[in-house]
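Engineer:
Numbering (our numbering), first residue to last: 7 to 103.
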């Protein structure tokens, strides 16, 4: 997973540099879409429910809106990153140097 995420970040950096931008920031629409995606998959697993409250189970607060891991599956997560890589202009706001 870290390898794929690292490649995705590298592609984002390359896009910024190759197109003469200096920064990128996720668009509000993409951020909201991702929050809803995480929420829609919340509760698909209860593996941390019995654990002592801590970082990985939100200190025992399971109804926090957007916090959490994406539980939609590895393949779907990779598809999301590939879509972003193919359509960066739809997911980010850029600024020029």
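Every residue gets a Cβ at the ideal spot worked out from N, C-alpha and C, and that includes glycine. Only a predicted model underlies this, so the values are computations on that prediction, with no experimental measurement involved.
1) Give me the residue from 7, 17, 24 with the minimum Cα distance to residue 90.
2) When you compare only the Cα positions, how much space is there between residue 41 and residue 75?
3) Quick check on the DSSP output: the beta strand (DSSP E) that includes residue 24 runs from which residue to which?
4) Give a yes or no on whether the C-beta atoms belonging to residue 31 and residue 99 are separated by under 7 Å.
5) Is the Cβ-Cβ distance between residue 47 and residue 26 less than 7 Å?
6) Please work out which residues of its chain come closer than 8 Å, Cβ to Cβ, to residue 103, disregarding the five sequence neighbours upstream and downstream, and give them in chain order.
7) In terms of residues, what are the limits of the beta strand (DSSP E) holding residue 27?
8) Assuming residue 94 and residue 21 are in contact, meaning their beta carbons sit under 8 Å apart, how far apart are those beta carbons, in whole angstroms?
9) Apart from the five residues just before and just after residue 36, which ones in its own chain have a Cβ nearer than 6 Å to its Cβ?
Structural biologist: By the coordinates alone:
1) For the purposes of this step, residue 90 is taken as the residue at position 84 of the chain shown. Checking every option, the nearest Cα to that of residue 90 belongs to 17.
2) What you label residue 41 is simply residue 35 of the chain shown in a count that begins at 1. What you label residue 75 is simply residue 69 of the chain shown in a count that begins at 1. Approximately 11 Å, taken between the alpha carbons.
3) For the purposes of this step, residue 24 is identified with residue 18 of the chain shown, where counting begins at 1. First-last for residue 24: 8 to 24, but that is the alpha helix (DSSP H), not the beta strand (DSSP E).
4) What you label residue 31 is simply residue 25 of the chain shown in a count that begins at 1. What you label residue 99 is simply residue 93 of the chain shown in a count that begins at 1. The answer is yes: Cβ separation under 7 Å.
5) For the purposes of this step, residue 47 is identified with residue 41 of the chain shown, where counting begins at 1. For the purposes of this step, residue 26 is identified with residue 20 of the chain shown, where counting begins at 1. No, they are not a contact pair.
6) For this step, residue 103 is matched to residue 97 along the chain shown. Closer than 8 Å at Cβ, skipping near neighbours: 26, 27, 28.
7) Residue numbering aside, residue 27 sits at position 21 when the chain shown is read from its first letter. Residue 27 -> beta strand (DSSP E) spans 27 to 32.
8) The residue labelled residue 94 in the question sits at position 88 within the chain shown. The residue labelled residue 21 in the question sits at position 15 within the chain shown. That belief holds up - the Cβ atoms of residue 94 and residue 21 are roughly 5 Å apart, short of 8 Å.
9) Numbered from 1 along the chain shown, position 30 holds the residue referred to as residue 36. Closer than 6 Å at Cβ, skipping near neighbours: 97.
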